[in-house]
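Numbering (my numbering), first residue to last: 3 to 496. Note that the Cβ used here is the ideal one computed from N, Cα and C, for glycine as well. Note that this is a predicted model, so its numbers are computed, not measured.
Given below as structure tokens:
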């Protein structure tokens, strides 16, 4: 499905890719939640009716926002998408207020609770919560979208439907969502057996394409896999050994995971505990300062971002009197070559963080070089797609168990998103900060940064069972970035 409206092409496949299907399947374990979210802090509460009108237009233009997941036929085919005949706009767009005094800490904690509330898997997989009552007369918008809909870059492109370049942008033309839904359902029924509901039609189509889908997977790899699967009932030990071999290479599909290399440290003993609980912390950096320091140190904004995060993690360990054997980190390499809104095009990769350094400058060079080596080794996501396809043939409980084990070896995952370089507005309110909540998915912490209008907002989404003093971690991160910017010739007192 492909339509071009505005700047970017709207393109969504009606069948999940193997990687998306794997993210959908492993979410049955709450620890491995692959969804992303963001809290946008505004200079004042937005105009709720205008915002609802903009989102209504987005739902009318973008079919995926009104579609729900239809399970595939067993493990023969991945899930598909079909229009939700009971689509309820009010369920997905809500309006609440913080209790007094409305501090930012209250806002971050509320956002964490909203994130932890799982999606209803029988409905479209997104939500917006407009929040009033933030101290200083400000407002906020919490947004959450399942990773099977789109990746971070796609989500930013999608936000052009409800984010404006001027405070008083004209209101959109009204749309009749009930008519849009009815027309979509009629079109889907017309494409299936007479009288069939859309879910049934989608499942029949999924079954018809199931065997062909398997055949299109990497032929030799799939043949070997299916041959091995046939022997499992007679040799359960072989089944487990083979599953470990196959799944070991597919963990990176689970929201920025990746197994450490053979012989590499298994991660921080200090951060070894895991839970489904989350805590959100944030700091902000001037974008020009980060860019200037990066150039002076011989790298990029992203190199400064990841190096500072690594220095902060090591600083936290130092304060606790712990010298880790090694820290394992991951970062995301985008493989997008189009300007489309939908889909997922990324490859998570991991690297071993140096645990000692003579100076911030030398540490920066070492981290930069290790990341460059890993990035250069990524050509596209073809191998990842094939391996995810094999993992989808395995029992979900087996996949999630091994995914947890591999995620336990990752100390922190990172991601860098490029937002607008100019002021933006949401239905009459100016956007001051965008704090991203990236998927922790069994790691100790996800660190995601997003640039916006000269600001670099960094969100630390923490598993408090692993990192038991998030306040101290935030201060360690602040100190680390201050030292790193100073090494690049930039004074920063934030």
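Apart from the 5 residues on each side of it in sequence, residue 363 sits with its Cβ closer than 7 Å to the Cβ of 299, 489 in its chain, given in chain order. By the C-beta density criterion, residue 150 is buried, having at least 16 other C-beta atoms within 10 angstroms. Sixteen is the threshold: since fewer than 16 other Cβ atoms of the shown chains lie within 10 Å of the Cβ of residue 180, the residue is exposed. The beta carbon of residue 99 is closer than 6 Å to those of 134, 135 in its chain, skipping five residues each way along the sequence. For residue 283, the enclosing beta strand (DSSP E) covers residues 281-288. For residue 50, same chain residues with a beta-carbon under 6 Å away, outside a window of 5 residues either side, are 97, 132 in chain order. Among the bridge pairs identified by DSSP, residue 129 is matched with 146.
Membership of residue 26 in any beta strand (DSSP E) is not indicated; the residue belongs instead to the alpha helix (DSSP H) covering 20-28. The residue among 430, 90, 69, 73 with its C-alpha nearest the C-alpha of residue 84 is 69.
In the displayed model, residue 105 falls within coil according to three-state DSSP, outside both helix and strand. Inside the segment 391-475, DSSP marks whole beta strand (DSSP E) runs of 3 or more residues at positions 414-420, 431-439, 447-454, 457-464, from first to last along the chain. Rounded to the nearest whole angstrom, the CA to CA distance from residue 446 to residue 367 is 25 Å. For residue 118, the three-state secondary structure derived from DSSP is helix.
Under the three-state reduction of DSSP, residue 86 is assigned to coil, being neither helix nor strand. No Cβ-Cβ contact shorter than 8 Å links residue 334 with residue 453.
A Cβ-Cβ contact shorter than 8 Å links residue 173 with residue 52. Taking the Cα positions, residue 328 is about 10 Å away from residue 353.
Collapsing the DSSP output to three states places residue 155 in a helix. Between residue 414 and residue 311, the gap from beta carbon to beta carbon is short of 8 Å.
Within the DSSP secondary-structure output, residue 351 pairs in a beta bridge with 333. For the pair of segments examined, the segment 468-484 was found not to touch the segment 431-440: the number of CB pairs separated by less than 8 Å stays below three. DSSP places residue 44 in the uninterrupted beta strand (DSSP E) bounded by 38-44. The beta carbons of residue 116 and residue 431 sit no closer together than 8 Å. Listed in chain order, the non-local C-beta contacts of residue 481 below 8 Å within the same chain comprise 314, 317, local neighbours out to five positions each way being set aside. For residue 103 against residue 137, the beta-carbon gap comes to about 6 Å, under 8 Å, which counts as contact. If the five residues before and after residue 293 are omitted, its C-beta is found closer than 7 Å to the C-beta atoms of 303, all from its own chain and listed in chain order. Take the alpha-carbon of residue 459 and the one of residue 469: they are about 21 Å apart.
For residue 69, the enclosing beta strand (DSSP E) stretches over residues 69-72. Contact check for residue 127 and residue 41: beta-carbon distance about 18 Å, past the 8 Å limit, so the pair fails to qualify.
In the same chain as residue 183, and ignoring 5 residues on each side of it, the C-beta atoms closer than 7 Å to its own belong to 68, 85, 89, in chain order. A straight-line Cα-Cα distance of about 29 Å links residue 119 and residue 426.
The C-alpha of residue 33 lies about 37 Å from the C-alpha of residue 424.
Straight-line measurement puts the Cα of residue 408 at about 15 Å from the Cα of residue 271.
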